[in-house]
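**Student:**
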Amino acid sequence: MKQVFKRPRSLKDVSFHFCPGCHHGTIHRLVAEAIDYYDLRERTIGVAGVGCSVFVYEYFDIDVAEAPHGRAPAVATGLKRALPDRIVFTYQGDGDLASIGMSEIVHTANRGENLTVIFVNNTVYGMTGGQMAPTTLLGQPTTTSPYGRDFLQNGYPIRMAEMIATLEGTSFCARVALNTPANLMKAKKTVRRAFEMQMNNMGFSFVELLASCPTNWGMNPLKANERVEKELIPYFPLGTFKERKGTDHQ
Amino acid sequence: MKQVFKRPRSLKDVSFHFCPGCHHGTIHRLVAEAIDYYDLRERTIGVAGVGCSVFVYEYFDIDVAEAPHGRAPAVATGLKRALPDRIVFTYQGDGDLASIGMSEIVHTANRGENLTVIFVNNTVYGMTGGQMAPTTLLGQPTTTSPYGRDFLQNGYPIRMAEMIATLEGTSFCARVALNTPANLMKAKKTVRRAFEMQMNNMGFSFVELLASCPTNWGMNPLKANERVEKELIPYFPLGTFKERKGTDHQ
Amino acid sequence: MGKIIINRERCKACAFCASVCPKKLIFFSQEVNSQGFYPVEIRTEDECTGCALCAETCPDVAIEVWR
Amino acid sequence: MGKIIINRERCKACAFCASVCPKKLIFFSQEVNSQGFYPVEIRTEDECTGCALCAETCPDVAIEVWR
Amino acid sequence: MYHEIIMSGVGGQGIMVIGSLLAQAAFMENLNVTYTPIYGVEKRGGHADCTVVISSEEIGSPIVDSPQSCIIMSRPSLGKYGPRVKPGGFLLLNSSFVDPLEVRRKDLDILSVPALEIAQTLGNDRLSNMVIIGAFVEKTRVVSLDTLAAALSQIFEEHYHHLLPANAAAISKGAEYARNSFHQ
Amino acid sequence: MYHEIIMSGVGGQGIMVIGSLLAQAAFMENLNVTYTPIYGVEKRGGHADCTVVISSEEIGSPIVDSPQSCIIMSRPSLGKYGPRVKPGGFLLLNSSFVDPLEVRRKDLDILSVPALEIAQTLGNDRLSNMVIIGAFVEKTRVVSLDTLAAALSQIFEEHYHHLLPANAAAISKGAEYARNSFHQ
Amino acid sequence: MEKRLFLRGNHALAIGAIKAGCRFYFGYPITPQNDIPEFFSKQMVKVEGCFIQAESEVASINMILGASAAGARAMTSSSSPGLSLMQEGLSYLAGSELPAVVVNINRSGPGLGGISASQGDYFQATRGGGHGDYRTLVLAPSSVQEMHDLTLLAFDLADKYRNPVIILADAVLGQIQETMVDRPYQPLELPPKDWILAGASGRDPRLIKSLYLKEGEMERHNWKLFEKYQRMKREDVRHENYLEEEAELIIVSFGTAARVAKSAIRLARAEGLKVGLFRPITLFPFPEKALFDLSQRVKRFLTIEMNTGQMVEDVKLSVARDADVHFYGHAPGSPPAPEELLNALKKVY
Amino acid sequence: MEKRLFLRGNHALAIGAIKAGCRFYFGYPITPQNDIPEFFSKQMVKVEGCFIQAESEVASINMILGASAAGARAMTSSSSPGLSLMQEGLSYLAGSELPAVVVNINRSGPGLGGISASQGDYFQATRGGGHGDYRTLVLAPSSVQEMHDLTLLAFDLADKYRNPVIILADAVLGQIQETMVDRPYQPLELPPKDWILAGASGRDPRLIKSLYLKEGEMERHNWKLFEKYQRMKREDVRHENYLEEEAELIIVSFGTAARVAKSAIRLARAEGLKVGLFRPITLFPFPEKALFDLSQRVKRFLTIEMNTGQMVEDVKLSVARDADVHFYGHAPGSPPAPEELLNALKKVY
Ligand SMILES: Cc1ncc(C[n+]2csc(CCOP(=O)(O)OP(=O)(O)O)c2C)c(N)n1
Ligand SMILES: Cc1ncc(C[n+]2csc(CCOP(=O)(O)OP(=O)(O)O)c2C)c(N)n1
Ligand code: SF4
Ligand code: SF4
Ligand code: SF4
Ligand code: SF4
Ligand code: SF4
Ligand code: SF4
Ligand SMILES: [Mg+2]
Ligand SMILES: [Mg+2]
């Protein structure tokens, strides 16, 4: 018999600290698989945002820099400009990227920096204990929107992938989910494609992954997957919003 | 004979410090006219961004707060939340709003704050002496893009009105120009409309005004007006991108 | 039948008014003002229609118009 | 003809694998692991097709698959 | 009266609940009390410790290095706090998870309570923590058992009040077990 | 040798140009020199001042409150700096814009140069500043006129070098005017 | 009217803010102070106040600026990295002379650091971590009671001086629960707010700004601010003495460290060592004079901080020339225990 | 190989950076330092370096963090409000032990303030305006020559200590033009950069971080940083003495103020007053020992700053117990003139 599924080389052999059923683990694996697929492990540098994924460096068997909350795209810009032949990606949550880091992500995309952004949208601040995120759905209760998110008070859930896709500098932009095997397979290809874009010097690539946070959603993992299907996907449609063709982003 | 044109009441009787032919003066007047039109002078509060327009308070005969560079929308949010029955507007340049203040403008729009943003896009940092702005056109030389803006290095000119219009929280969003009498008349109506939206509690209103900066463009005022027509308007199309109907933004 | 008054101390000689006046009534004066500019003047008031285009385009709010 | 190995110390009992296995081969064990979870086990290896759906959905990369 | 207690276990065992329950009871007895939770980073599985200081005087440090008493609910906790209990102090072990034989110190008063098993007799695993705190109060008398039971309604939110009797029962069971057991 | 000069006028008069020209000349003569521009906020019409200190020793302060010499190109400048010139110091007025009669001090060496009119004889209003600096150097001899003219090519960018002769001519005219004029 | 409550420091503080009339809270989540925004998100609706989870700490502090300019009592809270992001805004608040209350539940730094208690932000708070020559009042509570009481005071002092006030607490003070006596709020007598923006109706337009470009203006403004800080030093310095009479060694310590020091002092006294405590409650203005007076009698001082040495500079700057100042630092990470401090004080006793 | 140049301070600094091998400049415009980014925007293409006008100062400092993590010599420059926005990033750089050069052409604050020269950011620079217990090296040039020379040194010291270095200059030093001697760059001997990120090829993965959560880690990290700062104090303190022999009064002053003070001292000497100057060149580490030694002989000191009193604290903390320290502040706005300082020194002479 042949081994058809094993732990990717780019993940260290340790267990995640994530809660049961948390999609961060799945996303870590998808990213590691993409790195392995193109044999990039020895020339990839990850930039960790601050959130439940701040321990990226404990799990990936690659070089990692930790960025201040929200600033991973700026840190990645500095890294990539200094090392244009390395592969650089950021890994950021929705609080990190869409709230405090809004300015950095927009401008990094707009500059068309040749790097990849892995954006984990779980509609909540996981690490700090379940506060409202910019992507929290209307009506969704969180610890800082205890009566449910109300647009008059807190505005609307932001659709980042759509917004990033409108920027000239963006070369690849897609949204995927992980709640079903079918979605997962698409996600796998999409993440891979994002890295491929970077390898081909195509410029800025961005993947938004709809993820569950069973703990802060107050649901068991399977129910959380259902919520992704029933509540998240309708508001955050899946798909590839932009894909520049050609071999170079010029 | 009847006086058909006079200095608006809401402008103090002093001369502007702006350079000859600078559209900031025109925009000041349009805003003051809108305030007068709806008789809002005694209940309007302006928030000055930092740029050539930082002296808003020297010219408008109204209450004014000065915000740190880029943060006028946050300051205005605090003011308007504390005084919901007053009229609050920000006056910001393209460096102020689209570069350092990107996060604040996006989130303020997204929250649907019931206030008005006057956004002066002159494709350059006027006050600090002609550096590149996020709206500087490709090829345009500035003191920090001496060889002309190059997208590989500096990214693309950002179309703010289009981007702001994509946000759910935005109720009114338009782009106007001031280079011809016809454009000016449209601009006048548009600015008025933005204030009207706020008066009707319709939520966030945003007007981008294409403006000239003869000094930093190195042109005489008439040539600068021509540049608005020939270079700016083609890249930054005029029009109303969003206009919520109804009497309340709910 | 119009009339305009140009505040010559406010004028910065941008020429916007001159360029839009349908009657081409506005031209530059020969004397510098206190700001160091050669402000505009109206050639003859008779032909002015009071259309106010000049005033509308003036970035320095230096023109008032009667009709 | 497949085979899976579940790392019971890594398993957090999220039940994703059990929910996707087309053969319904995966169920919870009765004994807690060192992390305090009741990890999953495979009922019978015979029926496993090695389709790897279980492994693909496992957020904790606790399953390896042979075919 | 001055009593410092550290309670330690893993997340999910309800350590924080019994810590604040004890503190609440002390508060209700008009004592000075500080309750200091110490969370790990991880949501689950990490350490969950808390410190309670009860005193009839003003309380200085809410932080305690060597407590008079320690409640230990997991093996790693024993390793961490066992050595720190003051000589002559009191160690209460949840023997469902910690083997009393692992305690090497001879200078302590030790009580082992098989809390899980006792809780199971009440039909609910999750009452283990109440069994423990019942036993603790019975032995130390830092507050009265009645106040402890009365404090329950203060720390549970209204919509959990139907659970009060079961919790009170678990406290009693724990106290009963303690009363009937000999210390090592 | 130690000489402090303040030059003051309004934006657009070319104050900064003659300030750096003089400084450049001093540099070329191996003297120590500091040139300090002081801009107003407004792009146009605001004050434009600069300070030049020339010395054969190490220069301490580049900032000068009471200079030995002052070049005044506008009325407001006279009000600002006139009173500050050191007793016995030298005041050079651009009398095209400043009426010498406005100077009330009797303890100064004053030279009035109608720079605009002189420049106009050269066919270019904008050479006023060069006329002024020519006159200044002629009177003070802080550097030689030759060095001053030679410095022109250092401070103008290459593509303006066709303007050098006209500027040099204006410097000569200024110097000439100064040589031929009596001080008040 | 007094009520005994048992609650955590962060809640005591938030209750104090509402009692002081604060109706505008803008903040961004960060451990270990999330109780505060979470509390307000629930309570503000009940008092018809406004809670916004701002997009960042930069936005928070600027929303405060806006609400304060409108005359409202407004506050934000955060922890160390968040405070760094507020430095520009704090400088603007001070420069524009706007009142505001800013809470720092100090965690370990530098950088991302850790979430445990620290006093590493002492310099940032007391020296104005932002640009320019400005100061903020800094209050350092040491108990849940003070988390509440000093919050009331903070709002009053902010209005009294038209200046931001920082409450510098830490992860321990935010999280511990203890008894608090809930007394009615007795506000200070405060000057009228005749500077607030509300629309120029029936009066001249008003202006909130920190830009001073005309000649001499900036200097005057800076000296005016300086005078204000001097007035704070005269009128609003607070400290606590504990067992300082006949002491031969005085520990100088604030906040959580001071509490642990109290326990250490009790242990020391039990061993017959004459040790006392001087606890600054206002870190700026620092109680220089009181400490100087004390140093006329006692000659040996030990500054204890949960950092590697910051307040010790203020102590040295305050004491008499012939007094000796020692330092014991417990680096951020977890708070010290009384026994550790006992050892430390024995070394210099 | 030496060349005399006549140029402005901001350009001397930028030329120094390129000479030191800096190929990554990220910055955001702000008066009065725009010459610096403008210079780099022209020159970086010529040396195959990289210039980005960042979207903000927050982005600038974080781009630096990235480039520095990659082992590159990287710098940014700004002026006061911009520095406030960099405080979080500076704290992260220090916490992650990354070298970087950060230039502050200090303007007047607080808030928007004014664009004229100031020394109001002394505290921010020397006390770590960001959160946590960290320090940055601070170099204070006083001439165009030093704008250049200290920039070379800054890059070396940053690499030597793996720590950010701040160059604290002001609007005057940035704008004045004077003579500079252009000498070849003699770099210090530096440790190998065996920590840089470049992809884990043929070695274990590396990590740049400032998060320390495991028990004891944070404490150890803080003491490690502390030791580093102590080493700076031993090895890299710099100052200048001027006419200090047989002086009866020593002026302590840095940067632009020190230059004006030199002129004032000459005026004083001309009047027969024995006045000298002690000019710290490193503000952190402050030249404590040299100043202490001097205070064994001279007993009267006058600190002169272009602010309302900041460095004077370091002076007081340094001198012998029996020395007297006076202060003269010229509040930010425009720099003082020599005559003003002459009057000030006469008052305490
Ligand atoms: C400047 C700053 N502000 C706030 C925080 C606290 N903080 C850490 S993670 C986080 C948000 C995490 O949410 P998200 O980015 O959605 O990641 P998740 O945990 O959900 O994956 C916050 C607010 C911080 N570390 N730094
Ligand atoms: C934090 C901060 N960074 C930088 C500056 C300097 N600054 C003042 S105005 C300005 C940009 C002005 O450009 P813009 O907003 O386009 O306005 P304009 O002058 O063109 O109307 C900058 C960078 C500042 N004041 N504060
Ligand atoms: S809190 Fe949410 S996002 Fe964080 S590890 Fe747990 S489930 Fe995942
Ligand atoms: S610099 Fe440009 S924007 Fe500023 S006043 Fe002059 S023309 Fe207007
Ligand atoms: S009002 Fe009309 S006609 Fe009269 S001067 Fe103005 S533009 Fe010309
Ligand atoms: S438009 Fe106004 S400023 Fe321009 S030339 Fe006419 S009057 Fe003068
Ligand atoms: S490999 Fe397929 S059949 Fe086998 S256990 Fe996994 S899901 Fe079931
Ligand atoms: S998916 Fe993985 S973690 Fe979840 S139950 Fe199965 S093996 Fe365990
Ligand atoms: Mg999230
Ligand atoms: Mg602009």
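Heads up: the sequence lines are chains A, B, C, D, E, F, G and H, in that order. For the record, in the first sequence the residue sitting at position 144 is 1319 according to the working numbering, with numbers rising by one throughout. For the record, in the second sequence the residue sitting at position 28 is 1203 according to the working numbering, with numbers rising by one throughout. For the record, in the third sequence the residue sitting at position 40 is 187 according to the working numbering, with numbers rising by one throughout. For the record, in the fourth sequence the residue sitting at position 45 is 192 according to the working numbering, with numbers rising by one throughout. For the record, in the fifth sequence the residue sitting at position 99 is 573 according to the working numbering, with numbers rising by one throughout. For the record, in the sixth sequence the residue sitting at position 42 is 516 according to the working numbering, with numbers rising by one throughout. For the record, in the seventh sequence the residue sitting at position 267 is 274 according to the working numbering, with numbers rising by one throughout. For the record, in the eighth sequence the residue sitting at position 9 is 16 according to the working numbering, with numbers rising by one throughout. Glycine residues also receive a C-beta, built at the ideal position from the N, C-alpha and C atoms.
Measure the Cβ-Cβ separation of H/TYR141 and G/PRO117 and say whether it is below 7 Å.
**Tutor:** Yes, the pair counts as a contact, with Cβ atoms nearer than the cut-off.
**Student:** If you measure beta-carbon to beta-carbon, which residues of the segment 1316-1328 of chain B are closer than 9 Å to chain A?
**Tutor:** Correct list: PHE1326, LEU1327 and GLN1328.
**Student:** With ligand 10 as the reference, list in chain order each residue whose Cβ lies under 6 Å from any of its heavy atoms.
**Tutor:** The set, ordered by position in the chain, is B/GLY1226, B/GLY1268, B/ASP1269, B/GLY1270, B/ASN1297, B/VAL1299, B/TYR1300, B/GLY1301 and B/ALA1308.
**Student:** Which of the three DSSP states is assigned to H/GLN193 in this structure?
**Tutor:** The answer is coil: DSSP assigns H/GLN193 none of H, G, I, E or B.
**Student:** Are the CB atoms of E/CYS544 and E/ILE480 nearer to each other than 7 Å?
**Tutor:** In contact: E/CYS544 and E/ILE480 (Cβ atoms closer than 7 Å).
**Student:** Kindly indicate which three-state DSSP category C/THR196 falls into: helix, strand or coil?
**Tutor:** Coil at C/THR196, not helix or strand.
**Student:** Measuring only from the beta carbon, is C/ASP207 closer than 6 Å to any heavy atom that is part of ligand 6?
**Tutor:** Under cutoff, so the answer is yes.
**Student:** Taking only beta-carbon positions, decide if A/ARG1246 is within less than 7 Å of chain B.
**Tutor:** With 7 Å as the cut-off, A/ARG1246 does not count as an interface residue toward chain B.
**Student:** Which complete alpha helix (DSSP H) runs does the segment 332-356 of chain H hold, if anything under 4 residues is left out?
**Tutor:** Taking only runs of at least 4 residues, the alpha helix (DSSP H) segments lying wholly in the segment 332-356 of chain H are 345-355.
**Student:** Give the residues of chain A in contact with B/ARG1286, contact being defined as C-beta atoms less than 7 Å apart.
**Tutor:** Residues of chain A passing the Cβ test: ASN1329 and GLY1330.
**Student:** State buried or exposed for E/LYS613, treating a residue as buried only when at least 16 other CB atoms are found within 10 Å of its CB.
**Tutor:** Buried: at least 16 other Cβ atoms inside 10 Å.
**Student:** Which residues, in chain order, does the segment 10-26 of chain H contribute to contact with chain F at a C-beta distance below 7 Å?
**Tutor:** So the close ones are PHE13.
**Student:** If you reduce the DSSP assignment to three classes, tell me which class F/ARG518 lands in.
**Tutor:** With a pLDDT of only 49 at F/ARG518, under 50, the local geometry of the prediction cannot be trusted, and no value is derived from it.
**Student:** Find the nearest neighbour of B/ILE1426 within the set B/ASN1391, B/GLY1414, B/VAL1366 and B/PRO1183, judged by alpha-carbon distance.
**Tutor:** Nothing in the structure corresponds to residue 1426 of chain B, since chain B is present only between 1176 and 1425.
**Student:** With distances taken from CA atoms, which of C/GLY149, C/LYS159 and C/LYS150 is nearest C/VAL187?
**Tutor:** Minimum Cα distance to C/VAL187 is reached at C/LYS159.
**Student:** Considering just the uninterrupted stretch of the alpha helix (DSSP H) at G/ASP166, what are its terminal residues?
**Tutor:** Here the alpha helix (DSSP H) through G/ASP166 covers 151-168.
**Student:** What number of angstroms, rounded off, separates the C-alpha of G/ARG169 from the C-alpha of G/GLN303?
**Tutor:** The alpha-carbon atoms of G/ARG169 and G/GLN303 are separated by roughly 35 Å.
**Student:** On a CA-only basis, which of H/SER123, H/ALA271, H/PRO292 and H/ALA61 is nearest H/PHE130? Give me that one, please.
**Tutor:** Of the listed residues, the one whose Cα sits closest to H/PHE130 is H/PRO292.
**Student:** Would you please verify whether the beta carbon of A/GLY1226 is less than 7 Å from any beta carbon of chain B?
**Tutor:** So, not an interface residue.
**Student:** Rank G/SER98, G/MET93, G/PRO106 and G/SER84 by C-alpha distance to the C-alpha of G/ILE112 and give the top, closest one.
**Tutor:** It is G/SER84.
**Student:** Assuming G/LEU348 and G/ILE311 form a contact by the criterion Cβ under 8 Å, report the distance between their Cβ atoms to the nearest whole angstrom.
**Tutor:** About 6 Å; that satisfies the 8 Å criterion.
**Student:** Just verifying my parser: in three-state terms, what is the DSSP assignment at G/HIS138?
**Tutor:** Coil.
**Student:** Going by the DSSP bridge assignment, what does B/TYR1300 pair with across the sheet?
**Tutor:** Paired residues: B/GLN1306.
**Student:** Can you list the residues of chain A that H/VAL65 reaches, using a CB-CB cut of under 8 Å?
**Tutor:** Neighbours of H/VAL65 on chain A, chain order: ARG1246, ALA1249, SER1278 and GLU1279.
**Student:** What do you reckon, is the C-beta of G/ILE37 under 6 Å from a heavy atom of ligand 1?
**Tutor:** At least one heavy atom of ligand 1 is nearer than 6 Å to the Cβ of G/ILE37, so yes.
**Student:** Is the closest heavy atom of ligand 5 to the C-beta of C/ILE151 under 6 Å?
**Tutor:** Yes, since a heavy atom of ligand 5 falls inside the 6 Å radius drawn around the Cβ of C/ILE151.
**Student:** Would you call A/ASN1329 buried or exposed, if buried means 16 or more other Cβ atoms sit within 10 Å of its Cβ?
**Tutor:** It is buried - the Cβ of A/ASN1329 has at least 16 other Cβ atoms within 10 Å.
**Student:** Assign H/ALA277 to one of two classes, buried (16 or more other C-beta atoms within 10 Å of its C-beta) or exposed (fewer than that).
**Tutor:** The residue is exposed, with fewer than 16 neighbouring Cβ atoms inside 10 Å.
**Student:** Smallest Cα separation from A/LEU1342: which of A/HIS1192, A/ARG1368 and A/SER1380?
**Tutor:** Taking only the C-alpha atoms, the option nearest A/LEU1342 is A/SER1380.
**Student:** In chain H, what lies closer than 7 Å to A/PRO1243 by C-beta?
**Tutor:** Under the 7 Å cutoff, chain H gives ASN69, GLU95, GLY96 and TYR99.
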